[in-house]
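Notes to accompany the following structure.
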Amino acid sequence: MPGCASLWLAPDFLEEQLQRGYCNSFVTSHPWPANHYEVFGRRFTLPRLQTWHADAGIVYRYSDNLLTTTPWTPLLLTLRQQVEQACGHPFNAVLVNHYRNGGDHVGWHSDDERELGESPVIASLSLGVAREFAFRRKDSHHRSGQVLLTGGSLVLMEPAFQHHWQHSVPVSAVSDARVNLTFRYVYPQQP
15 MPGCASLWLA
25 PDFLEEQLQR
35 GYCNSFVTSH
45 PWPANHYEVF
55 GRRFTLPRLQ
65 TWHADAGIVY
75 RYSDNLLTTT
85 PWTPLLLTLR
95 QQVEQACGHP
105 FNAVLVNHYR
115 NGGDHVGWHS
125 DDERELGESP
135 VIASLSLGVA
145 REFAFRRKDS
155 HHRSGQVLLT
165 GGSLVLMEPA
175 FQHHWQHSVP
185 VSAVSDARVN
195 LTFRYVYPQQ
205 P
């Protein structure tokens with residue numbers, strides 16, 4: 015991808031009508047809990063809705079918040095298989111984010127928690143309205159690049175991306191929904 019060699023983009027991974035139907039299914043039928051998290055003892059509301067799905071025994075936390083694991087749904091299992099085949103990597107978990115409108119967002123971060131191992135690979139599938147995916151080098155506070163992720167697009171973030179880059183989905187002027195699925199491999203915790 016221009017500006018960052020450790021990103022791979024398939025803009026038409028899912029056909030338009032199919033991805034639109036999947037997005038509608040997530041928005042209308044997926045159980046979206048109220049999302050709160052704590053940082054340094056303070057409670058915040060997450061600026062999007064999210065659910066965490068994983069194989070049995072897999073646990074995950076980010077920003078010191080343990081996510082509640084729910085079982086895979088049939089739709090998530092179908093998408094997992096398609097993404098694994100396309101990327102050539104196994105995934106045992108997915109974080110499903112629902113951006114209800116342009117006010118929902120995710121700030122600058124890297125998916126580099128220790129549960130993801132030394133070489134994390136993340137596959138990110140976008141459904142619904144197009145949103146900007148911005149990225150910057152970790153040693154910079156300035157955006158290095160961005161790409162507009164349309165519904166049905168798939169991004170593969172290779173290990174070097176998590177080591178050297180941060181990414182975000184900034185606030186935008188869109189009014190429609192976006193659902194994003196970030197597939198990952200989480201290493202089981204040792205007893």
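Using the working numbering, the first residue of the sequence shown is number 15, and each one after it goes up by one. The beta-carbon is built from N, C-alpha and C at its ideal position, and this holds for glycine as well.
Problem - DSSP bridge partner residues for I72 (one or two, in chain order) - result: Counting from one through the sequence shown, the residue named residue 72 turns up at place 58. In DSSP, I72 forms no bridge with anything.
Handout entry: Neighbour-count burial assignment, L91, 16 or more Cβ in a 10 Å radius
Key = Counting from 1 along the sequence shown, the entry for residue 91 is found at position 77. It is exposed - the Cβ of L91 has fewer than 16 other Cβ atoms within 10 Å.
Practice task
Give the range of the alpha helix (DSSP H) segment to which V97 is assigned.
Solution key: Position 83 of the sequence shown, counted from the start, is the residue given in the question as residue 97. Taken as a continuous stretch (DSSP letters only), the alpha helix (DSSP H) holding V97 covers P88 to C101.
Exercise for the section: May I have the straight-line CA-CA distance separating F105 from G116, to the nearest angstrom? Expected result: Position 91 of the sequence shown, counted from the first residue, corresponds to residue 105. Position 102 of the sequence shown, counted from the first residue, corresponds to residue 116. Whole-angstrom Cα-Cα distance: 29 angstroms.
Practice task
Inspect the CB distances between the segment 162–180 and the segment 130–140 and report whether three or more fall short of 8 angstroms.
Solution key: yes
Problem - the segment 64–73 in contact with the segment 95–104 per 3-pair CB rule at 8 angstroms - result: no
Exercise for the section: Compare the Cα-Cα distances from L109 to each of Y201, A24 and V193 and report the closest residue. Expected result: Here residue 109 corresponds to residue number 95 of the sequence shown, with the count starting at 1. L109 has its Cα closest to that of V193, out of Y201, A24 and V193.
Exercise for the section: Evaluate L141 with the Cβ neighbour count: other Cβ atoms within 10 Å of its Cβ, from every protein chain shown; 16 or more gives buried, anything less gives exposed. Expected result: Here the question's residue 141 lines up with position 127 in the sequence shown. When all chains shown are included, L141 counts as buried.
Handout entry: alpha helix (DSSP H) segment containing Q31, residue limits
Key = Here residue 31 is taken as the residue at index 17 of the sequence shown, counted from 1. Per DSSP, Q31 belongs to the alpha helix (DSSP H) from E30 to S43.
Practice task
Look at L23 and A100 and say whether their C-beta atoms are less than 9 angstroms apart.
Solution key: Position 9 of the sequence shown, counting from 1, holds the residue named residue 23. Position 86 of the sequence shown, counting from 1, holds the residue named residue 100. No, the Cβ-Cβ distance between L23 and A100 is not below 9 angstroms.
Practice task
State buried or exposed for T59, treating a residue as buried only when at least 16 other CB atoms are found within 10 Å of its CB.
Solution key: Here residue 59 corresponds to residue number 45 of the sequence shown, with the count starting at 1. It is exposed - the Cβ of T59 has fewer than 16 other Cβ atoms within 10 Å.
Practice task
Please say whether V200 and A107 have beta carbons closer to each other than 9 angstroms?
Solution key: Mapped onto the sequence shown, residue 107 falls at position 93. Mapped onto the sequence shown, residue 200 falls at position 186. Yes, the pair counts as a contact, with Cβ atoms nearer than the cut-off.
Handout entry: Where the beta strand (DSSP E) through F149 begins and ends
Key = Along the sequence shown, one-based indexing puts residue 149 at 135. Its beta strand (DSSP E) spans residues R145 to R151.
Exercise for the section: Report the residue from R56, K152, W86 and A144 whose alpha carbon sits nearest the alpha carbon of L162. Expected result: By 1-based counting over the sequence shown, the position of residue 162 is 148. Checked all of R56, K152, W86 and A144; the closest Cα to L162 is A144.
Handout entry: Beta-carbon contacts of P85 that lie in its chain and below 8 angstroms, excluding the five residues immediately before and after
Key = Walking along the sequence shown from the start, residue 85 turns up at place 71. Result list for P85: H67, in chain order.
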